[in-house]
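Heads up: the structure comes next, in structure tokens.
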Amino acid sequence: MVDTFANVSKEGSITIIHLDHPPANTLSSASIENLRLVFKELAVDEETSAIIVTGSGRFFAAGADIKEFVSAFGQQERAMQMAEAGQALCDEIEAMKKPVIAAINGPALGGGLELALGCHFRIASTNAVVGLPELKLGLLPTFGGTQRLSRITNQAIALQLILTSKQLSADEALQLGIIQLVKEPEELLPTAKAIAQSFVENKSMTSVSRTIECVIQGGKDHLQKGLELERTRFAELFLTEDAKEGVQAFIEKRQPDFKHS
Numbered sequence: 068m069v070d071t072f073a074n075v076s077k078e079g080s081i082t083i084i085h086l087d088h089p090p091a092n093t094l095s096s097a098s099i100e101n102l103r104l105v106f107k108e109l110a111v112d113e114e115t116s117a118i119i120v121t122g123s124g125r126f127f128a129a130g131a132d133i134k135e136f137v138s139a140f141g142q143q144e145r146a147m148q149m150a151e152a153g154q155a156l157c158d159e160i161e162a163m164k165k166p167v168i169a170a171i172n173g174p175a176l177g178g179g180l181e182l183a184l185g186c187h188f189r190i191a192s193t194n195a196v197v198g199l200p201e202l203k204l205g206l207l208p209t210f211g212g213t214q215r216l217s218r219i220t221n222q223a224i225a226l227q228l229i230l231t232s233k234q235l236s237a238d239e240a241l242q243l244g245i246i247q248l249v250k251e252p253e254e255l256l257p258t259a260k261a262i263a264q265s266f267v268e269n270k271s272m273t274s275v276s277r278t279i280e281c282v283i284q285g286g287k288d289h290l291q292k293g294l295e296l297e298r299t300r301f302a303e304l305f306l307t308e309d310a311k312e313g314v315q316a317f318i319e320k321r322q323p324d325f326k327h328s
């Protein structure tokens, strides 16, 4: 497991990624590439059913490494490459067929918040703050922030938060639907683990993966195309042993013995 900028550990079928790029877990080009490799490995790791992303130290992730921006001034192609790398990371996280939970333990700003927005579920500690401050630098969010934030909330809220560069408390982010749960710092990781377990415990990963695909991919298309994807994936499950086992177990009033096939 590649883990230069991330400490990766496992607890049963749950894999925990601690972002570890002191002092603020900034997303440099190297750390972004490293995280992409980590997620690529976890995508095919049969022992991993769910993933938690959190930060080491005081920060979740303070955003992109601003010092790297200096090298891109006057070089549009270089700036495009930086944007593409950050977007690719968040796209790949969102496209994971295993639940990915962001456990936001501290400030998640700029690219740090965009990384969390790419996750399927977000929980934050009471001392977390989130925001997209890029306009203060004469820039704009480019790891997917303008698109995902407007879809998770709505266009008006996204424009307000981006244009004001306001940093929101965890409670404020909860009220706007940016995060789904707020916990005390000491409860953050245990709660994230419990949620991850609830997502996959006594579930077939064949149906879990298709459900994530239907919600994420279907949400990007118009309704009828999303419904087509839903019924296609539903019908596919009738070719699996897990669906047969799940229905039979329900009829027999017992726990199913899923083989994830």
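Residue numbers for the sequence shown follow my numbering, beginning at 68 and rising by one.
Backbone N, C-alpha and C define an ideal beta-carbon position, used for all residues, glycine too.
Fair warning: this is a prediction, and the values are worked out from it, not measured in the lab.
- request: Assign residue 288 to buried or exposed, taking buried as 16 or more other Cβ atoms, counted over all protein chains shown, within 10 Å of its Cβ.
  value: exposed
field: Those residues which DSSP pairs with residue 78 across a bridge
entry: 81
message: Just checking residue 230 against the ligand ATP - is the residue's beta carbon closer than 7 Å to any of the ligand's heavy atoms?
response: Of ligands this structure carries none, so the ligand ATP is not represented either.
message: If I measure Cβ to Cβ from residue 296 and keep anything under 6 Å in the same chain, skipping five residues before and after, which residues do I get?
response: 281, 285
message: So residue 119 and residue 259 are supposed to be a Cβ contact under 8 Å. How far apart are they, rounded?
response: 5 Å
message: My output table needs one value for residue 167: the three-state DSSP class, helix, strand or coil.
response: strand
- prompt: When the distance is taken between beta carbons, is residue 128 closer than 8 Å to residue 179?
  reply: yes
- request: Provide the residue span of the alpha helix (DSSP H) that contains residue 213, from first to last.
  value: 212 to 219
message: Quick check on the burial criterion: 16 or more other C-beta atoms within 10 angstroms. Buried or exposed for residue 229?
response: buried
- request: Could you tell me the boundaries of the beta strand (DSSP E) in which residue 122 lies?
  value: 117 to 122
message: Since residue 152 and residue 84 should fall inside the 8 Å C-beta cutoff, what is the C-beta to C-beta distance between them, to a whole number of angstroms?
response: Actually they do not touch by this definition, with Cβ atoms about 18 Å apart.
field: Short Cβ contact (8 Å threshold) for residue 312 with residue 324
entry: yes
message: Quick check on this structure: which residue in 271, 235, 176 has the alpha carbon closest to the alpha carbon of residue 314?
response: 271
- prompt: Enumerated in chain order, which unbroken segments of the alpha helix (DSSP H) with a length of 4 residues or greater are wholly contained in the stretch 126 to 167?
  reply: 133 to 136, 143 to 161
message: Tell me the rounded alpha-carbon separation between residue 217 and residue 310.
response: 36 Å
query: So, using beta-carbon positions, are residue 234 and residue 275 closer together than 8 Å?
result: no
Assigned secondary structure, residue 198 (DSSP; H/G/I helix, E/B strand, else coil): strand
query: Taking the alpha carbon of residue 135 as the point to measure from, which residue in 184, 96, 115 has its own alpha carbon closest?
result: 96
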